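One structure is given below, encoded as structure tokens.
Protein chains in written order, with our numbering: chain G, 856 to 1217; chain H, 856 to 1217.
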């Protein structure tokens, strides 16, 4: 049996768009959601692309996602805003928030928008990178279902809470750091599960908080571990990062935080005692020329990138990897050669095709 | 021989203030610098307090620190500013920048200030926490002398580049996350050196990039490692964090970045081909009520903190540590019982006392 199927990006995109249309998204929202989801598959972040599509559908069927949201700005100042996502797809709500942040940055230098009552927003990178074409620095973060135990905790109280910072350069491609604030993202566990492999020490703990290498440990009360792996190697700093994302995304906006964040899966009910609405995001845009002339900044970014890329390396490695390089290279290859989709994900997508009477790409 | 001497905070403060006065600081700047430096010693971050005082003096003697700086705002928009620190003490320049950020936040919701031509600013926490009394969230970061090798690099291209995020709560103390973006801060190596102990695997690499446990390795071309320790445990994420701090602090402001950051020690000359001026900081302030009512926000912060503090713990640990707790507890004890100063640091301070004919506290 093949492990994966290669599907041309264009065909996959058309299929995904049809699924969002079948979920009653407006044509514009379907197109946007498709772009966000496909950008994950193209950039090689397979866990956040079409692999999530059936999850969105099930939450929509469970009436936990509203595909006709009335997204509202409920509060604002010249440089800030708060958005109520009306239970919409995060894939639609987050770009909306980012547009507001960019608009505010245009007017007063920077814009910062907290979002409540949203859902999973795909990859943080898509949203942060929206700022780049405006010669702005973009930031995006989101909280997520609790899968992570803070240092010394046996309870899962945080999501993998990613942060993205996207910074424009000149002749060099943009610096795009997009990472979960855990040692390993959940998608990496899924890969190990499919391949029946063990995880390295330092990624997972069992329900008592002891180190574990079993990638299925989370089903038995285990947890992912904050970046740093253990106290001696700075896991308290990874906890700081995840907590920061949680507070900016949810306590500032009025969303659920910590263990109250509703799960992304339809078979788990949201907590009965919510402390806010939906999940939360936090996005920002800073105009480069609110600090120094764009051309000057970009030339120095090129120099920064060139210097780091040409650093002397440890034996066996050809260069230091600039944040954003691997994703951009993946995108170039996959746009040309097609996107490899895991067979289990293909099966999932075929079920959706049947459910909605949509043709699945051959 | 005693390993340390306990000195009452008040006496130490008076001594430090006299040293700054002897360096020709204005009485106001001497008082501020003393407060910033002492706050590190009080909060238990011994590596950033009076242990650095002789370093500041030597850089001043080498004319690399200007104690009568004309600090200038060289560019601004409603929510941003850029400050030229005129080679001043970072201890003075950073609070100045933070006041500008707070002022801007008062007017338009948030304020973000990049700083060039500055020097070592002490602990990031002092500056970020200035926002708290205004019911604002404070942020502070700085780049620093290159001691850290990015993932796969054998060259030291980044400083330990700390970040602080300070968030006010209600009846709970503020959430204050203040951390170097490396697995271990340089101060932890200094402790191991003094005690002739080995470092854990994952903190340091040798000049070829191989793992090392020798806390003196940096003297022989070795490097500190970004948070995460190795690629498999996410050191590329720690590199992203350190790079982010470097770019915000220096590429936005026009300071030196990466390997061009001037060393904090007077016996090493700054690079002959600077790409900017001095070292850089980046500080920010966000008015809580630019997002939601302060009382509502603070009540949720209390709930967040209480929930995390009361999490079930692994055997042997009494509770999850909320960021800022250990430093606040240290401060309470040391204010009352005095500050333990390492004997080598005491010797250093006595040399300063003699140099400037100042009485050293008995």
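We treat Cβ as the ideally placed atom computed from N, Cα and C, and that holds for glycine.
Since the structure is predicted, the reported quantities are computational estimates derived from the model, not experimental observations.
Counting along the chain, residue 936 of chain G sits inside the beta strand (DSSP E) bounded by residues 935-939. The three-state secondary structure of residue 1115 of chain H, taken from DSSP, is helix. In terms of CA proximity to residue 964 of chain H, H:989 leads the group H:974, H:989 and H:951.
Interface residue (Cβ-Cβ distance to chain G less than 8 angstroms): residue 1186 of chain H is not classified as such.
The beta carbons of residue 1017 of chain H and residue 1034 of chain H sit about 6 angstroms from each other, so the pair counts as a contact at 8 angstroms. Closest by C-alpha distance to residue 1187 of chain H, out of H:1097, H:995 and H:896, is H:896.
Rounded to whole angstroms, the Cβ separation of residue 1150 of chain G and residue 997 of chain G is 33 angstroms, and the two are not in contact under 8 angstroms. Look at the region 1147-1159 of chain G: the residues with a C-beta under 7 angstroms from a C-beta of chain H are 1147, 1152, 1155, 1156, 1158 and 1159.
Secondary structure at residue 971 of chain H: strand, using DSSP grouped into helix, strand and coil.
Of the residues assessed, residue 1165 of chain G falls on the exposed side of the cut-off, its CB having fewer than 16 other CB atoms within 10 angstroms. Where residue 1072 of chain H is concerned, there is no enclosing beta strand (DSSP E), because DSSP gives it neither an H nor an E.
In this chain, the alpha helix (DSSP H) harbouring residue 1092 of chain G covers 1090-1101. One Cα belongs to residue 1190 of chain H, the other to residue 868 of chain H, and the distance between them is close to 11 angstroms. Under the 8 angstroms criterion on CB atoms, residue 1191 of chain G is classed as non-interfacial with respect to chain H.
Put simply, the backbone Cα of residue 987 of chain H is about 18 angstroms away from that of residue 934 of chain H. Judged by DSSP in its simplified three-state form, residue 1021 of chain H adopts strand. Just so you know, the alpha carbons of residue 1093 of chain H and residue 1173 of chain G end up roughly 20 angstroms apart. In this structure, DSSP gives residue 988 of chain G a helical state, which the three-state scheme calls helix.
Residue 1067 of chain H has H:1059 as its beta-bridge partners, per DSSP.
Identification of residues in the region 963-984 of chain G having a C-beta nearer than 7 angstroms to some C-beta of chain H yields 963, 964, 965, 967 and 969, given in sequence order. Those residues of the region 894-911 of chain G placed with their C-beta closer than 8 angstroms to a C-beta in chain H do not exist. Rounded to the nearest whole angstrom, the CA to CA distance from residue 862 of chain G to residue 884 of chain G is 23 angstroms.
With respect to the C-alpha of residue 1003 of chain H, the residue from H:871, H:1140, H:1077 and H:916 having the closest C-alpha is H:1077. With respect to the C-alpha of residue 866 of chain H, the residue from H:1195, H:1211 and H:1199 having the closest C-alpha is H:1195.
Of all alpha-carbon atoms in G:999, G:1080 and G:915, the one lying nearest the alpha-carbon of residue 1009 of chain G is that of G:1080. Residue nearest to residue 1167 of chain G within the set H:1007, H:907, H:952 and H:878 is H:1007 (criterion: CA-CA distance).
Proximity of residue 1136 of chain H to chain G, defined by a Cβ-Cβ separation below 8 angstroms, is not satisfied. Within the model, the alpha-carbon separation for residue 1020 of chain G versus residue 1138 of chain G is close to 10 angstroms. Per DSSP, residue 927 of chain G is one residue of the beta strand (DSSP E) stretching across 927-932. At least one CB atom of chain H sits nearer than 8 angstroms to the CB of residue 1088 of chain G. For residue 1139 of chain G, the enclosing beta strand (DSSP E) starts and ends at 1134-1142.
Of all alpha-carbon atoms in G:1214, G:1072 and G:1014, the one lying nearest the alpha-carbon of residue 1048 of chain G is that of G:1072. Residue 952 of chain G and residue 1055 of chain H have their alpha carbons spaced roughly 44 angstroms apart.
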